[in-house]
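Notes follow the structure.
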Amino acid sequence: MDLSPQMIFILPQSHFVNCGRVQILLFQIGLGYLLKGYLLVFHEGYLSLENVYHIKSSKELVSSQDLFQEEQPVDSATMVHVPSSVIHAYDFHIIYSFSYRNPVLYFHGHKSDGQPLDLDDIQKDLPEYSLKLIRESKWTFITFEEHPYLHRPWYMLHPCGTTEWMKLLLQGNPSAPNYLVSWLSVVGQAVGLRVPSSLTTSCFNDGSSSSIGQCSI
Amino acid sequence: MELCSEEAVRLVWEGAIPLQIHLHESEVTTLPPPPPVLILGPRIGYLPLLVTVIKPHFNDTLPPGVDSVWFDYKGLPLKWYIPTGVLFDLLCAEPERPWNLTVHFRGNPGEILTPCGGEDPVKWSFINSLKEAAYIINGNCKNVMNMSQTDQSELWQSLAKGNMESYTRVSSRLKLGPYGEDAVMRMSTGRIPIRLYLRILGEDVDDLEDVTTIDSWDSISYINRPVEIHNEEGHYITFKNAMRSLLPEFFDDETSAFDHVLVPRGDYEIDGDIENAETSGASGLMTMSGQKKCTDFVSMKSQSPKKVNEIKLIRVQGIEVDLDIPFFWVVNNLKNPEYFLHICVFMVPALNPA
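These protein sequences, in sequence, are chains A and B. Numbering-wise (my numbering), the first sequence opens with residue 905 and increments by one. Numbering-wise (my numbering), the second sequence opens with residue 9 and increments by one.
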């Protein structure tokens, strides 16, 4: 039986450790295919990618390792050469929606002084095509919604077209590792997150049949 | 039985909560302070829609500043995107009439409450919920996405103004019901949009009058969770069947829902029950939720393993619904205009744990 997208979200953490292909997916992301140095962390109920930094001069989100050299102690904030006022830190949560039967991207951001980012601040960080979409459909692209687990206001990317474009992307092959990476490669672009093509390619070439049978639980 | 009773739907549309709205003392700049406003808040409406009526009463006493209106009930900020009737059912275990609310025109608590700022956010919250419901029912949102601007506006205005005829005319074009009609069922996925709210009442609550007030949303959990309208044999289910699929641990075929006492499991593994995970209901989801902020009956159990909860009351549109009536009848007649059925469930610690 194939791992459907929702199953990524309902498998307890222990399943992840033991489930070969899903583990590989997370390791590939964690070891730097996606935003060097970031680990997609599984919380029970959602996946999170936290403290992704955005530097004003660049239109791309960068990893903390680009700012803090890896050999340095983690707390050496003095290594930052960018004025702290222009650094925006984002948290992304991927939450499975039982209504849409798809993952949905929630995010929020804050400035270096801890102040939350409002939509005006966030728009400065978004790619041009997202700004265009926001202008055209202010209320149906990114809106401020309640986080289903934290019950706090977060920004949400509206998911209602996801099923259609995912069908196109996967061409009828909805196995889990392909699914999540493909999904993120499209959805991430809307907020400036990039999934390198090497990751999606390796997933697509990697066959399809993840099965529960591979789990040694 | 009729699929959908116009009388029942009309009662839902005409249902209203008598509200007594006070201006928060920090915003009173004149003496004597303005008297509270008495107003009927439609059950299916949203609190910000009342602001145009309330504001003239308080306008002269407000301090300078820009409006960011929000309401609280005994200090608890009210979520404006929850329909007024649901807030009342959920927060007033024992109905309080008039319902005393406090309005604030300044200082929205942005950390816990999405700012509203007028009618547009309410309208779009409604439309987006309608889209979500359409997706659950039909497997896509095309009917809602393809609505003309005129229809969309008329649909919203009919809700805002409480015009049931206009609403019925426009919404019938969305082909989202009533359930039980063959033409509709052929198009649909057989899934029903449900929003489930769970509130745990304190210890020793024999009488709802003894329920203490809520000071934080952390003691309430709520989720959107579709329910199948048919059972595995293709038969329509009862309201009790639907509640069992949402909260399977609290129902048992051999005892009534209210006699049954849940013995908590020792751990919160999903027990290899992966295939059934989507149908395992709301408690399955909450079993997974490890967030301390997301208080629910499962996490309460994990904090005190010997404590068990049972269902005290299930309330829809202010009514304690008979568990044996057909589920599609409950949905057709008691759903809100965005096609979600909002169900409030009150839990109490069980008196005689098994």
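We put the CB at the ideal spot given by N, CA and C, even for glycine.
Test item: CB-CB of residue i and residue j under 8 Å
i               : j               : result
G242 (chain B)  : T197 (chain B)  : no
V111 (chain B)  : I29 (chain B)   : yes
P363 (chain B)  : R114 (chain B)  : An answer regarding residue 363 (chain B) cannot be provided, because it is not within the stretch 9 to 362 covered by chain B.
P56 (chain B)   : V77 (chain B)   : yes
I228 (chain B)  : F336 (chain B)  : no
H1012 (chain A) : Y950 (chain A)  : no
L1073 (chain A) : F996 (chain A)  : no
G53 (chain B)   : G326 (chain B)  : no
P1007 (chain A) : W1069 (chain A) : no
S174 (chain B)  : E162 (chain B)  : yes
L1009 (chain A) : L1061 (chain A) : yes
E328 (chain B)  : I322 (chain B)  : yes
R51 (chain B)   : M172 (chain B)  : no
T1044 (chain A) : N154 (chain B)  : no
Status (buried if at least 16 other CB within 10 Å, exposed otherwise) for residue i
i               : result
G93 (chain B)   : buried
P26 (chain B)   : exposed
V130 (chain B)  : buried
M355 (chain B)  : buried
Y347 (chain B)  : buried
N108 (chain B)  : exposed
L121 (chain B)  : buried
D332 (chain B)  : exposed
T38 (chain B)   : exposed
P43 (chain B)   : exposed
S133 (chain B)  : buried
E10 (chain B)   : exposed
Y1033 (chain A) : exposed
N955 (chain A)  : exposed
R1039 (chain A) : exposed
L1023 (chain A) : exposed
K87 (chain B)   : buried
E257 (chain B)  : buried
M195 (chain B)  : exposed
N67 (chain B)   : exposed
E35 (chain B)   : buried
Beta carbon proximity, residue i to chain A, threshold 8 Å
i              : result
I120 (chain B) : yes
I231 (chain B) : yes
C149 (chain B) : yes
W225 (chain B) : yes
A265 (chain B) : Below a pLDDT of 50, predicted positions are generally treated as unreliable, and A265 (chain B), at 43, falls in that range; the measurement from the model is reported next regardless. No - not a single Cβ of chain A is within 8 Å of the one on A265 (chain B).
P345 (chain B) : no
P50 (chain B)  : no
P40 (chain B)  : no
P201 (chain B) : yes
P56 (chain B)  : no
P91 (chain B)  : no
P85 (chain B)  : no
R273 (chain B) : No answer about R273 (chain B) holds up, because its pLDDT of 34 lies below 50 and its placement is not dependable.
Below-8 Å beta-carbon distance, residue i vs any chain B residue
i               : result
E1050 (chain A) : yes
S952 (chain A)  : no
Y1004 (chain A) : yes
L929 (chain A)  : At L929 (chain A) the pLDDT is 42, less than 50, meaning the model places this residue with poor confidence; the figure from the coordinates comes in the next sentence. So no, L929 (chain A) is outside the interface.
R1056 (chain A) : yes
W1043 (chain A) : yes
Heavy atom of the ligand SAM within 7 Å of residue i beta-carbon
i             : result
I90 (chain B) : No copy of the ligand SAM occurs in the structure displayed, which carries no ligand at all.
### Task
Evaluate contact between the stretch 61-75 of chain B and the stretch 40-49 of chain B, counting only Cβ atoms and requiring at least three cross-stretch pairs below 8 Å.
Yes, since at least three Cβ pairs between the stretch 61-75 of chain B and the stretch 40-49 of chain B fall closer than 8 Å, the two stretches touch.
### Query
Of the residues that make up the stretch 123-146 of chain B, which ones have a beta carbon closer than 9 Å to any beta carbon in chain A?
Listed by position along the chain: P123, D128, P129, K131, W132, S133, I135, N136, K139, E140, A141, A142, Y143 and I144.
### Task
Decide yes or no for the touch test of the stretch 135-144 of chain B against the stretch 97-110 of chain B: beta carbon pairs closer than 8 Å, at least 3 of them.
Contact check between the stretch 135-144 of chain B and the stretch 97-110 of chain B: fewer than three CB pairs, one atom from each, fall below 8 Å, which does not count as touching.
### Query
Are at least three pairs of beta-carbons, each pair with one atom in the stretch 1042-1062 of chain A and one in the stretch 993-1012 of chain A, less than 8 Å apart?
Contact holds: three or more Cβ-Cβ distances are below 8 Å.
### Query
Counting Cβ pairs, one atom from each stretch, are 3 or more of them under 8 Å apart for the stretch 231-239 of chain B and the stretch 197-206 of chain B?
Using a C-beta cut-off of 8 Å, the stretch 231-239 of chain B makes contact with the stretch 197-206 of chain B, since at least three inter-stretch Cβ pairs fall below that distance.
### Message
For the pair the stretch 1012-1026 of chain A and the stretch 988-997 of chain A, tell me if three or more CB-CB distances fall below 8 Å.
### Response
Short answer: they touch.
### Task
Report yes or no: do the stretch 177-191 of chain B and the stretch 333-343 of chain B share at least 3 C-beta pairs separated by less than 8 Å?
The answer is yes - the stretch 333-343 of chain B touches the stretch 177-191 of chain B, with three or more Cβ pairs under 8 Å.
### Query
For the stretch 228-260 of chain B, which residues have a beta carbon sitting closer than 7 Å to at least one beta carbon of chain A?
Result list: I231, N232, R233 and P234.
#### Entry: Members of the stretch 1024-1035 of chain A that neighbour chain B once the beta carbon cut-off is set at 8 Å
Of all residues in the stretch 1024-1035 of chain A, none has a Cβ within less than 8 Å of some Cβ in chain B.
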